[in-house]
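Participant: The following block contains the structure, expressed as structure tokens.
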Amino acid sequence: MKNNVAYICRECGAKSMKWLGKCPTCGSWDSFDEEEYSAPAVAKPRHASLITSAVDAIPQKITDGGDELVERTLTGVGEFDRVLGGGIVAGSVVLLSGEPGIGKSTLLLQIFARAGKDTKVLYVSGEESFSQIKMRAKRLGIEPEGLYLYTETDVTKILAAADKLAPDYIVVDSIQTVYDPASPSAPGSINQVKGCAAAFVSRAKNTGCAVLLVGHVNKEGGISGPKVLEHIVDAVIHFEGDRTQAYRMVRAVKNRFGSTNEIGVFEMTERGLSEVENPSETLMSEATEGVSGCAAVCVMEGTRPIIAEIQALVTPTVFPAARRNANGVDYNRLCLIIAVLEKRLGLKFYQNDVYINVTGGLRLDTPSADVAIALALISSITDRPVKNKTLCFGELGLAGECRAASFAEIRIKEAKRLGFETVIIPKKNKEKMVGIDSEGVMPVGSVYELLTVLKQKND
Ligand code: TYD
Ligand code: MG
């Protein structure tokens, strides 16, 4: 064994033999920490400790057994269960990531609110004291009998406590605070985070207890530290939204036990996070009518249609280069839509600042919101409101054509359920549609036709 010094990027885990001001892998500045590591004499396969029973595993037919492996438990927090694909899987490791203050600790306490005598949860906190957590539980009005609080950060002590208690669930809040005293790296460094997480992963695989790790993300949105954990955990659930907004979205970024496109919607209240089962109704309750720049859209989040409002504000610029600000939609997508509208409709966006916002703090990362973004932009620049009770969806091509969106029938049904009278859909969708009431459905082929749904000045 020989002791070496290496420099490891705090953001992405890239390793360098000398200190660098800028990480060549992820581009972060001043992110290299010096770490001492012992190079083993014989190189071990990566994550060898995680591959349990690797030595005596033999090839098996896929049809033979294995059905008993997935044992799920519903937590009772429906929105969280939905994102996980139907509850927590025994022996799985879930990483819950999000900005500080978004509600990770609150959600975890609420998930185990119903832990009765027969369920044991070891809740390890390296960030809050016993009395702080107890006070929060009181505030949330919960008294889970099976929840054991442990304020410790030494991973060996945590695992020893887990040995004694034999819990069904281990919660680690947060993985960045846990350290292994045997490792030469500083607590909170990539090596420590990785090593401790690996210890929890092998514990989960060996004993069948489920582990929930909390990971803080940095302000740029990347998961500092836990980014390197994404591939060793079974699921990564990301808490999205703004701390200042009431609504928070929980999204599966990776999920070995279910699909990744479901989202859970919560609202932060005085008594913790409450589930929003009908996000469309809640998001549209404050919708504006008769004001230019507002357009309703229906997007699919997994199997669920969600209706939201896109607001655009286009104002003459006073800057040398016009500003573009995208909140809730992708910045590059917005620039592309603006370019299409400039070219195809001759609208002069280059003389204007453009601000886009999605109400409720929702993020629409789907091209099926393109037509609605375009409609909001056209409405704002021409200062003509969209006709009342109008909703649209569809993707926009560079030629200005409206491209088909998936699940058109489901989106139309949801729009009608919420009382929309005109639903603008791509022409291509209309051609394929069968068995749906086409009253109020307006197929459009290109951006030119969008002008027809704007109110006239004297309407
Ligand atoms: P917290 O779960 O501590 O966030 P995280 O663990 O992700 O850092 O909660 C963050 C915020 O939520 C906190 O600023 C206060 C607020 N909050 C409420 O508004 N209502 C509540 O009932 C609770 C428990 C917290
Ligand atoms: Mg917390």
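Going by the working numbering, the sequence shown opens with residue 1, and the numbers climb by one from there. Yeah, the Cβ is synthetic: ideal placement off N, Cα and C, and Gly gets one too.
1) Find the nearest neighbour of G116 within the set E275, V354, S129, Y148, judged by alpha-carbon distance.
2) Rounding to the nearest angstrom, what Cα-Cα distance links Q351 and T317 in this structure?
3) Output the boundary residues of the alpha helix (DSSP H) element that contains K18.
4) First and last residue of the beta strand (DSSP E) that includes T269?
5) Check whether the Cβ of R248 lies closer than 7 angstroms to any heavy atom of the ligand TYD, and answer yes or no.
6) Excluding the five sequence neighbours on either side, which residues of its own chain have a C-beta within less than 8 angstroms of the C-beta of Y331, listed in chain order?
7) Is the distance from the Cβ of G329 to the Cβ of C392 below 8 angstroms?
8) Just how far apart, CA to CA, sit M433 and V423?
9) Along the alpha helix (DSSP H) that carries V314, what are the first and last residues, could you check?
10) Expressed to the nearest angstrom, what Euclidean distance is found between the alpha-carbon atoms of C12 and H231?
11) Considering only the alpha carbon of each residue, which of V314, E395, G361, A369 lies closest to Y355?
12) Could you tell me which residues DSSP puts in a beta bridge with C294?
13) Confirm the yes/no value for this check: CB of S105, any heavy atom of the ligand TYD, distance under 7 angstroms.
14) When the Cα atoms are used, what is the spatial distance from P320 to T282?
15) Counting only the same chain and skipping the five closest in sequence on each side, list residues whose C-beta sits under 6 angstroms from that of E262.
16) In the structure shown, what three-state DSSP assignment does D462 receive?
17) Could you tell me which residues DSSP pairs with F32 in its beta bridges?
18) For the ligand PLP, I want to know if E99 counts as a neighbour, meaning its beta carbon is within less than 7 angstroms of at least one of the ligand's heavy atoms.
19) Would D370 pass as a contact of I337 if the rule is Cβ separation under 8 angstroms?
20) Exposed or buried, which one is K348 when buried takes at least 16 other CB atoms within 10 Å?
21) Got a sec, what are the start and stop residues for the beta strand (DSSP E) D173 sits in?
22) Rounded to whole angstroms, how far is the Cβ of A308 from the Cβ of V358, which I believe are closer than 8 angstroms?
23) If you measure between the beta carbons of L364 and L341, is that distance less than 8 angstroms?
24) Relative to the ligand MG, is the shortest distance from any of its heavy atoms to the C-beta of E127 smaller than 7 angstroms?
25) Are D180 and V155 close, meaning C-beta to C-beta below 8 angstroms?
26) Buried or exposed: V228, going by 16 or more other Cβ atoms within 10 Å of its Cβ?
27) Can you tell me which of V299, G87, I436, E431 puts its alpha carbon nearest to the alpha carbon of G258?
28) Please classify Y123: is it buried, with 16 or more other beta-carbons within 10 angstroms of its beta-carbon, or exposed?
29) Looking only at its chain, what residues have a beta carbon closer than 8 angstroms to the beta carbon of S379, apart from the 5 residues adjacent to it on each side?
30) So which of A399, K254, R417 has the shortest CA-CA distance to P305?
31) Going by alpha carbons, who is nearest to V539 out of Q110, S129, F407, G346?
32) Buried or exposed: where does L451 fall if 16 or more other Cβ atoms within 10 Å of its Cβ makes it buried?
33) Output needed for G400: all residues of its chain with C-beta closer than 6 angstroms, excluding positions within five of it in sequence on either side, in chain order.
34) Return the Cβ separation of K217 and Y247 in integer angstroms, given the expectation that the two are a contact with Cβ distance under 8 angstroms.
35) So, using beta-carbon positions, are I58 and E35 closer together than 8 angstroms?
36) When you compare the CB positions of L108 and G272, do they come within less than 8 angstroms of one another, or not?
Facilitator: Once the coordinates are examined:
1) Y148
2) 6 angstroms
3) First-last for K18: undefined, no H or E at that position.
4) 263-269
5) no
6) R324
7) Gly is not the amino acid found at residue 329; the sequence shown has Val there. No, the pair does not count as a contact, with Cβ atoms beyond the cut-off.
8) 14 angstroms
9) Careful: V314 lies outside any alpha helix (DSSP H), inside the beta strand (DSSP E) at 304-316.
10) 13 angstroms
11) V314
12) Q311
13) yes
14) 40 angstroms
15) R82, V83, G302
16) Because the chain spans 1 through 459 in this model, residue 462 falls outside it and cannot be assessed.
17) C9
18) This structure does not include the ligand PLP; its bound ligands are the ligand TYD and the ligand MG.
19) yes
20) exposed
21) 169-173
22) 6 angstroms
23) no
24) yes
25) yes
26) buried
27) G87
28) buried
29) S292, G293, C294, A295, A312, P385, V386, L454
30) R417
31) Since the first and last residues shown for the chain are 1 and 459, residue 539 lies out of range.
32) exposed
33) V340, R344, S446, V447
34) The sequence as given places Val at residue 217; Lys does not occur at that position. Not quite, the Cβ-Cβ distance comes to about 18 angstroms (not below 8 angstroms), so this is no contact.
35) no
36) no
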